[in-house]
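K.L.:
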Amino acid sequence: MDILTDTLAAMRTGPPVAVRTDARGPWGLRFRQVAGAGFHVVLRGSCLLVPSDDSGGPVGPRPVSLDAGDLVLLRTGRGHLLTDDPHSPVVDFQPDAVDPSASIGRISIGGSGAPVRLLCGAYVMDTARRHPLLNDIPEVFRMPADRWRHGGLRATVELLRAEVEDPRPGSDGIVPALIDAMLLYILRAWFDERSAEDGGWATALADPVMGSALHAIHKNPAYPWTVEALAAHANLSRAAFARRFRTLIGEPPLAYITLWRLTIAAQQLRDSDRKLGQIARDVGYATEFAFAKAFKREYGCSPGTYRRDMRREAPTGEAQHARSGASSRAPIWR
Numbered sequence: 049m050d051i052l053t054d055t056l057a058a059m060r061t062g063p064p065v066a067v068r069t070d071a072r073g074p075w076g077l078r079f080r081q082v083a084g085a086g087f088h089v090v091l092r093g094s095c096l097l098v099p100s101d102d103s104g105g106p107v108g109p110r111p112v113s114l115d116a117g118d119l120v121l122l123r124t125g126r127g128h129l130l131t132d133d134p135h136s137p138v139v140d141f142q143p144d145a146v147d148p149s150a151s152i153g154r155i156s157i158g159g160s161g162a163p164v165r166l167l168c169g170a171y172v173m174d175t176a177r178r179h180p181l182l183n184d185i186p187e188v189f190r191m192p193a194d195r196w197r198h199g200g201l202r203a204t205v206e207l208l209r210a211e212v213e214d215p216r217p218g219s220d221g222i223v224p225a226l227i228d229a230m231l232l233y234i235l236r237a238w239f240d241e242r243s244a245e246d247g248g249w250a251t252a253l254a255d256p257v258m259g260s261a262l263h264a265i266h267k268n269p270a271y272p273w274t275v276e277a278l279a280a281h282a283n284l285s286r287a288a289f290a291r292r293f294r295t296l297i298g299e300p301p302l303a304y305i306t307l308w309r310l311t312i313a314a315q316q317l318r319d320s321d322r323k324l325g326q327i328a329r330d331v332g333y334a335t336e337f338a339f340a341k342a343f344k345r346e347y348g349c350s351p352g353t354y355r356r357d358m359r360r361e362a363p364t365g366e367a368q369h370a371r372s373g374a375s376s377r378a379p380i381w382r
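Using the working numbering, the letters of the sequence shown map in sequence onto residues 49 to 382.
Right, here's the structure in full:
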């Protein structure tokens, strides 16, 4: 498995969710903070996206215009408004009002003005400790239609549009798969357009030396890796490897190894009933005590508490958001 796919799979806490939204002016829809990354695809018409605070008030940069075919990814799932006009009445998006038995949810809002159709959704992720791979991406990443209308992303969005417009037998499986593919294409587009001089994960993923080291860590996280062993694997001196790794990845090699081990452990805690001792050994810890100590240092709670909390996770992910202390060097807007 490649690093990008591997990382997203480890962070996911559930399938993507999506709702077809039909609106007519005047209209406004408020989305609260979610655990993961939010997205919108404008299928018809146009609207404005306005970042908002927890009370729903506008914050940050001016509203951004979204036109038919535009796509926007909200990396941290931050709260925001979608509206036809900043002065239009606003209602809260209510996930519970969507029919859970439908292949894709549907809502209709507004009056009798200009029609807009959107696909609104979220990738549900563990936000207690965000992987640094996502930190280079702007918090709100807009892709205009003329930018993504090529290759795989264009085909994926067009297929998704067809399923949303006319759900048929099989849509329950097709829609989540297409939404998953869309995220990978969005991230690929972002990393592909970064130049080698930009540094960061875009360079690391394309760099044979760093790629080799990252693949080794991801393939065998339980191995007792040292900086010397990874440097030898990458055919570099210890000092050169450590310096290059930290420059591109954003943290020292051993810190990243710890992060990845605990990311895998968190995934097993969420998705399995395996005992803590088994999970500890799987990710390279000799004892359950050492594992629990490292986990609490990164996640702010014990493995057992994390497992219990995640199994009764709130739809809004507020508990996860409160625990999240990950920093980001990315700009807030693009």
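Backbone N, C-alpha and C define an ideal beta-carbon position, used for all residues, glycine too.
Given that a residue counts as buried once 16 or more other Cβ atoms are within 10 Å of its Cβ, and exposed if not, what is Gln-28?
P.N.:
The chain is shown only over 49 to 382; residue 28 falls outside these bounds and no answer can be derived.
K.L.:
Which one or two residues does DSSP pair with Val-89 in a beta bridge?
P.N.:
Locating residue 89 in the sequence shown gives position 41, where the first residue counts as 1. Note: Val-89 sits in a beta bridge opposite Leu-119, Leu-167.
K.L.:
Give a yes or no on whether the C-beta atoms belonging to Ile-152 and Val-212 are separated by under 8 Å.
P.N.:
Taking the sequence shown and counting its residues from 1, one reaches residue 152 at position 104. Taking the sequence shown and counting its residues from 1, one reaches residue 212 at position 164. Contact: yes.
K.L.:
Check each candidate in Pro-224, Asp-228, Asp-255 and name the one with the smallest Cα separation from Asp-240.
P.N.:
If you number the sequence shown from 1, residue 240 lands on position 192. It is Asp-255 whose Cα lies nearest to the Cα of Asp-240.
K.L.:
What did DSSP end up calling Gly-200 once you bin it into helix, strand or coil?
P.N.:
Locating residue 200 in the sequence shown gives position 152, where the first residue counts as 1. Three-state result, Gly-200: helix.
K.L.:
Can you tell me which residues form a DSSP beta bridge with Asp-140?
P.N.:
In the sequence shown, residue 140 corresponds to position 92, counting from 1. Answer by DSSP bridge pairing, in chain order: Arg-78.
K.L.:
Kindly list the residues whose CB is nearer than 7 Å to the CB of Pro-301, restricted to its own chain and excluding five residues on each side of it in sequence; keep chain order.
P.N.:
For the purposes of this step, residue 301 is identified with residue 253 of the sequence shown, where counting begins at 1. Answer for Pro-301: Val-275, Leu-278, Ala-290, Phe-293, listed in chain order.
K.L.:
What is the DSSP secondary structure of Ile-157, reduced to helix, strand or coil?
P.N.:
The count along the sequence shown starts at 1 and reaches residue 157 at position 109. In the structure shown, Ile-157 sits in a strand (DSSP, three-state: E or B).
K.L.:
Specify the secondary structure class of Thr-335 as computed by DSSP and reduced to three states.
P.N.:
As a position in the sequence shown, residue 335 is number 287, starting the count at 1. Thr-335: coil per DSSP, three-state reduction.
K.L.:
Quick one: what does DSSP say Thr-364 is sitting in, helix, strand or coil?
P.N.:
As a first step, residue 364 is located in the sequence shown; it is residue number 316 there, counting from the start. Unreliable placement is indicated for Thr-364, whose pLDDT of 40 sits below 50; no coordinate value is reported for it.
K.L.:
Taking Cβ to Cβ, would you say Trp-238 is nearer than 8 Å to Pro-269?
P.N.:
Here residue 238 is taken as the residue at index 190 of the sequence shown, counted from 1. Here residue 269 is taken as the residue at index 221 of the sequence shown, counted from 1. Going by C-beta atoms, Trp-238 is not nearer than 8 Å to Pro-269.
K.L.:
DSSP three-state call for Leu-162: helix, strand or coil?
P.N.:
Counted from its first residue, the sequence shown places residue 162 at position 114. Rather than Leu, the amino acid found at residue 162 in this sequence is Ala. In the structure shown, Ala-162 sits in coil (DSSP, three-state: anything other than H, G, I, E or B).
K.L.:
Contact defined as beta carbons within less than 8 Å: I believe Gly-125 pairs with Ala-176. What is the distance between those atoms, to the nearest angstrom?
P.N.:
Residue 125 sits at position 77 when you count from the first residue of the sequence shown. Residue 176 sits at position 128 when you count from the first residue of the sequence shown. Separation of the CB atoms of Gly-125 and Ala-176 is rounded to 13 Å, and the pair is thereby denied contact status at 8 Å.
K.L.:
Buried or exposed for Leu-253, going by 16 or more other Cβ atoms inside 10 Å?
P.N.:
Locating residue 253 in the sequence shown gives position 205, where the first residue counts as 1. The residue is buried, with at least 16 neighbouring Cβ atoms inside 10 Å.
K.L.:
Taking C-beta to C-beta, are Thr-131 and Gly-169 nearer than 8 Å?
P.N.:
Here the question's residue 131 lines up with position 83 in the sequence shown. Here the question's residue 169 lines up with position 121 in the sequence shown. No, these two residues do not count as a Cβ contact at 8 Å.
K.L.:
Along the chain, where does the alpha helix (DSSP H) that runs through His-281 open and close?
P.N.:
As a position in the sequence shown, residue 281 is number 233, starting the count at 1. Residues 275 to 281.
K.L.:
Looking at Ala-280 and Thr-306, is the spacing between their C-beta atoms short of 8 Å?
P.N.:
Residue mapping note: residue 306 aligns to position 258 of the sequence shown, counting from 1. Residue mapping note: residue 280 aligns to position 232 of the sequence shown, counting from 1. Not a contact, by the Cβ cut-off of 8 Å.
K.L.:
Let me know if Asp-214 comes out buried or exposed under the rule of 16 or more other beta-carbons within 10 Å of its beta-carbon.
P.N.:
By one-based count along the sequence shown, residue 214 stands at place 166. By the 10 Å Cβ count, Asp-214 comes out exposed.
K.L.:
Just verifying my parser: in three-state terms, what is the DSSP assignment at Arg-322?
P.N.:
In the sequence shown, residue 322 corresponds to position 274, counting from 1. Here Arg-322 sits in coil by DSSP.
K.L.:
Could you check the C-alpha separation between Gly-298 and Ala-261 for me, to the nearest Å?
P.N.:
Taking the sequence shown and counting its residues from 1, the one referred to as residue 298 is at position 250. Taking the sequence shown and counting its residues from 1, the one referred to as residue 261 is at position 213. Each residue's alpha carbon lies about 15 Å from the other.
K.L.:
If we ignore side chains and look at the alpha-carbon of each, how far apart do Leu-166 and Arg-92 end up?
P.N.:
The residue labelled residue 166 in the question sits at position 118 within the sequence shown. The residue labelled residue 92 in the question sits at position 44 within the sequence shown. When rounded, the distance between both Cα atoms is 7 Å.
K.L.:
Roughly how many whole angstroms lie between the Cα atoms of Asp-194 and Ala-338?
P.N.:
Position 146 of the sequence shown, counted from the start, is the residue given in the question as residue 194. Position 290 of the sequence shown, counted from the start, is the residue given in the question as residue 338. Their Cα atoms are separated by approximately 51 Å.
K.L.:
Consult DSSP for Leu-317 and reduce its assignment to one of helix, strand or coil.
P.N.:
Along the sequence shown, read from residue 1 onward, the residue named residue 317 stands at position 269. The answer is helix: DSSP assigns Leu-317 an H, G or I state.
K.L.:
According to DSSP, is Pro-134 helix, strand or coil?
P.N.:
Residue numbering aside, residue 134 sits at position 86 when the sequence shown is read from its first letter. Pro-134 falls in the coil class under three-state DSSP.
K.L.:
Please look up how many angstroms separate the CB atoms of Val-98 and Pro-111, rounded, as I've assumed it's under 8 Å.
P.N.:
For the purposes of this step, residue 98 is taken as the residue at position 50 of the sequence shown. For the purposes of this step, residue 111 is taken as the residue at position 63 of the sequence shown. Rounded, the Cβ-Cβ distance is 5 Å, consistent with contact.
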